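Since the structure comes first, as structure tokens, the remarks are kept for the end.
Residue numbers (the numbering used here), protein chains in the order written: chain R, 1 to 619; chain P, 1001 to 1262.
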């Protein structure tokens, strides 16, 4: 009984059994009582009929006729026995001839009612006149009814002078009916009711079982499986939703939770990796710098002292030069680990590309790479950190050269300006509620960027809605399946301040609209409907399409396998083995992101790759 | 007490030996110690004109050694060396009283430059002491409210938010006679505690000038020739106008020039 569905079904069956049982018990009893009352009434009527029928004969003292009458009536089916007793208990007439003349004991069931008291009762209610009894244990039940025969004036004055006037009760008419037929009817009724109750309970159990299985068992089983998967470390497990009731909403929230967990773990993992790298770089710097110091000091010292031999001096100078190069590499490693803040100034992107090419040219010659520049010389200026951007282009060129390998190939560098609409190019980096709480949730990332988190309440149910931080990109994430319907209310997850757009509805779908402030950049309205996702950001929209500088680095190298593309900008995802630090593209991504730009890659295995960097141009 | 020239303290024997070789080749009597404790033991026995100490060492580190030296009342100038060349280490060295800071790895000439400058400093201090004057009397006095990194470079905030940067007179006097000054181009970046200019001595050595703060060079003083800089290092002889990256915290770290005491 570990399954909640089974328990629920069992509880329902037990309840149904009890209620049905009680109902059956009372209905059987009521039916039995009403049948018995009917028989009683019938017996009484019969008894009265017999009495009336024989009254006249009794007056005339026609004993043979009375005997004849009683014997004949007594042969009727269902009538067990009819007899008349005098006051002394002697049976005067009976449908069973053998009984006549016998005296009945006052303790007998037919006499007991009146003769139990010291003075015999003279009048009895109908109910008290009847009795149900079983002469022998194996015989069917019988219903007997006694009918006292009272002294009438005509009796006392009759010619026979049989009865004195003072006598009140002259005798008793005792009619006994067999209950065999009635008992059979009662039993049939009982069986019928029990069968009906049983079928009803069975049907109820079946219906409840099926519904519980559908509404409880299936989602609980899905949730159970999901929790086991997550406990086992599979944070990518998603429960396929099949409804919108509370359990499926719970499943949807569970999905959001695991996704959040996975992202948090990824974040932690990434920052942990970067922190380890920082420690590693610092440690390496210290450890390498000591031996390098000895090499550099000795070699430069020797080079100075070996002035007499130009050849030796030359060789020593090579050692000095190369050691100084090592020094620069270590220094740049430390600089990477520190991740300096960009120092932006108005710069021409083409000039930066030219400088990057000049730095990377040695490696290109080594790999027999032909470099083609297709630069748009009329490119607008941009405000950026020239050194960091140079690093970006060097990384991309060196990566391209590595992808080409020693066989040779072509790298094409192109630049152009283009205008893009705000949708998909502007990131919501800050968002606040009216009480200035930040709505940005660093833990939940959509497209790698922290999402905007709102609380949605719909018909008493509440959940979080994550808005895609890229303006106009509609990959929002919902914890509430129906969020966005007209009655949804939005609020700050921290202080519950309302974030509704004063009753405005979405112009596309009529759904509920949320509204929050982007500090310094006005209000942003949007529709949370899963299928709509409409947004309006007046301040950004009013600027219109924006000018961007696009730089493409295209190579004819080995290309990138599809499954590696999502990992490409992760630290330490390098496939270069000992050649690289595994940081190049992660740092590149960080720099471009710091400049509010985007970097994307298109590639197919064996067909080269194209990295596209887009940076906002100076308006 | 024996008179010696240079004490090199470094827990890396190869580095200490290399440094000794370079100094000995210049005719300097040099001792090495592989820990701060061993160095202090030598300082108790001999008198040195200059101490060159590593920062990161097991046991007492370079800063601890610096404290012990001044606790002993020694005025011997100290040059700090480190393989862990961070801005913090450089600035902390200068604030702790070191006269210069040199990141590892260095060439023989780079080491020689800081050693020569340190010895010259000591010579000037001794000369002044012999005359009964304070050492500061020999240098152009610091203008009030300038901020300095050791006695190497100075910085003063301008009204427009930029910072004027120059070289301190003690640095020039100890590096000099100055043949030329190598400056960065406008637009270059400078980092606090890292080299921002090179002073060429008449001995053919290059003396690295550490920047007092980080930022981007907005303007370079075209008139910063050795003659002018030597004559008026704090006004006409400024080197750069810098747009500082973090003016607040970085300027806070520098020493305010209140008293002209060396």
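Backbone N, C-alpha and C define an ideal beta-carbon position, used for all residues, glycine too.
Please read these numbers as outputs of a predicted model, since none were measured by experiment.
Between the C-alpha atoms of residue i and residue j, what's the straight-line distance to the nearest angstrom?
i, j, result
"residue 340(R)", "residue 550(R)", "With a pLDDT of only 48 at residue 340(R), under 50, the local geometry of the prediction cannot be trusted, and the value read off the model is given with reservation. Computed Cα separation, rounded: 24 angstroms."
"residue 1248(P)", "residue 1060(P)", "32 angstroms"
"residue 1206(P)", "residue 1226(P)", "14 angstroms"
"residue 1006(P)", "residue 330(R)", "29 angstroms"
"residue 402(R)", "residue 288(R)", "26 angstroms"
"residue 1066(P)", "residue 1098(P)", "8 angstroms"
"residue 557(R)", "residue 595(R)", "28 angstroms"
"residue 133(R)", "residue 212(R)", "51 angstroms"
"residue 578(R)", "residue 606(R)", "Note that residue 578(R) has pLDDT 40, beneath the 50 cutoff, so the model's placement of it is unreliable and no number is given."
"residue 3(R)", "residue 226(R)", "16 angstroms"
"residue 580(R)", "residue 263(R)", "In this predicted model, residue 580(R) has a pLDDT of only 47, less than 50, meaning its place in the structure is not dependable; the value taken from the coordinates is given anyway. Their backbone Cα atoms lie some 26 angstroms apart in a straight line."
"residue 1042(P)", "residue 1084(P)", "26 angstroms"
"residue 191(R)", "residue 10(R)", "25 angstroms"
"residue 149(R)", "residue 17(R)", "52 angstroms"
"residue 442(R)", "residue 449(R)", "8 angstroms"
"residue 1168(P)", "residue 1154(P)", "6 angstroms"
"residue 31(R)", "residue 153(R)", "43 angstroms"
"residue 1124(P)", "residue 1074(P)", "16 angstroms"
"residue 1179(P)", "residue 291(R)", "33 angstroms"
"residue 20(R)", "residue 38(R)", "27 angstroms"
"residue 1263(P)", "residue 358(R)", "In the structure as shown, chain P begins at 1001 and stops at 1262. Residue 1263(P) is therefore absent and cannot be evaluated."
"residue 1063(P)", "residue 1057(P)", "10 angstroms"
"residue 1116(P)", "residue 350(R)", "45 angstroms"
"residue 101(R)", "residue 198(R)", "54 angstroms"
"residue 458(R)", "residue 599(R)", "38 angstroms"
"residue 296(R)", "residue 453(R)", "56 angstroms"
"residue 528(R)", "residue 567(R)", "30 angstroms"
"residue 129(R)", "residue 58(R)", "22 angstroms"
"residue 137(R)", "residue 7(R)", "46 angstroms"
Please list the partners that residue i has in chain P, where partner means a Cβ-to-Cβ separation under 9 angstroms.
i, result
"residue 292(R)", "1083, 1104, 1105"
"residue 282(R)", "1084, 1086"
"residue 595(R)", "Within 9 angstroms Cβ-Cβ: nothing; residue 595(R) doesn't reach chain P, min ~17 angstroms."
For residue i, decide whether its Cβ has a neighbour in chain A, counting only Cβ atoms nearer than 8 angstroms.
i, result
"residue 320(R)", "The question asks about chain A, but that chain is absent: this structure's protein chains are R and P."
Identify every residue that forms a DSSP beta bridge with residue i.
i, result
"residue 133(R)", "142(R)"
"residue 7(R)", "Looking at the DSSP assignment, residue 7(R) forms no beta bridge with any residue, so it has no partner."
"residue 596(R)", "DSSP lists no partner for residue 596(R)."
"residue 451(R)", "441(R)"
"residue 512(R)", "505(R)"
"residue 405(R)", "Bridge partners of residue 405(R): none, in fact."
"residue 1033(P)", "1009(P)"
"residue 86(R)", "171(R)"
"residue 1189(P)", "1216(P)"
Name the chain P residues whose beta carbon is nearer than 7 angstroms to that of residue i?
i, result
"residue 289(R)", "1083, 1104, 1105"
"residue 300(R)", "1107, 1108, 1109"
"residue 327(R)", "1105"
Check the C-beta distance from residue i over to residue j and give it rounded, since I have them as a contact under 8 angstroms.
i, j, result
"residue 1108(P)", "residue 1022(P)", "5 angstroms"
"residue 1242(P)", "residue 1162(P)", "6 angstroms"
"residue 83(R)", "residue 69(R)", "That pair is no contact at about 13 angstroms."
"residue 104(R)", "residue 111(R)", "6 angstroms"
"residue 469(R)", "residue 456(R)", "No, residue 469(R) and residue 456(R) are not in contact; Cβ-Cβ is about 17 angstroms, not under 8 angstroms."
"residue 1176(P)", "residue 1150(P)", "Contact flag wrong, Cβ pair sits at about 17 angstroms."
"residue 603(R)", "residue 610(R)", "7 angstroms"
So which residues on chain R does residue i lean against when the C-beta distance must stay under 9 angstroms?
i, result
"residue 1250(P)", "In chain order: nothing, as chain R lies at least about 13 angstroms away."
Going along chain R in order, which residues have a C-beta closer than 8 angstroms to the C-beta of residue i?
i, result
"residue 1022(P)", "297, 301"
Cβ closer than 8 angstroms: which chain P residues qualify as neighbours of residue i?
i, result
"residue 304(R)", "1108, 1109"
"residue 423(R)", "Chain P residues near residue 423(R): none, gap ~34 angstroms exceeds 8 angstroms."
"residue 323(R)", "1105"
Can you list the residues of chain R that residue i reaches, using a CB-CB cut of under 7 angstroms?
i, result
"residue 1094(P)", "Under the 7 angstroms cutoff, chain R gives no residues; its nearest Cβ is about 20 angstroms from residue 1094(P)."
"residue 1026(P)", "Correct list: empty, because the minimum Cβ distance to chain R is about 10 angstroms."
When you compare the stretch 367-383 of chain R with the stretch 403-417 of chain R, are there three or more beta-carbon pairs, one atom per stretch, that lie closer than 8 angstroms?
yes
If we count Cβ pairs, one from each stretch, closer than 8 angstroms, do we get three or more for the stretch 382-393 of chain R versus the stretch 534-544 of chain R?
no
Taking one C-beta from the stretch 243-263 of chain R and one from the stretch 221-228 of chain R each time, how about it: are there three or more such pairs within less than 8 angstroms?
yes
Hey, is the stretch 1177-1186 of chain P in contact with the stretch 1199-1218 of chain P, meaning 3+ C-beta pairs nearer than 8 angstroms?
yes
Do the stretch 229-237 of chain R and the stretch 194-212 of chain R meet, that is, are 3 or more Cβ pairs less than 8 angstroms apart?
no
Between the stretch 1125-1137 of chain P and the stretch 1230-1241 of chain P, do three or more beta carbon pairs fall short of 8 angstroms?
no
Any contact between the stretch 430-438 of chain R and the stretch 493-504 of chain R? By contact I mean 3 or more CB pairs, one from each, below 8 angstroms.
yes
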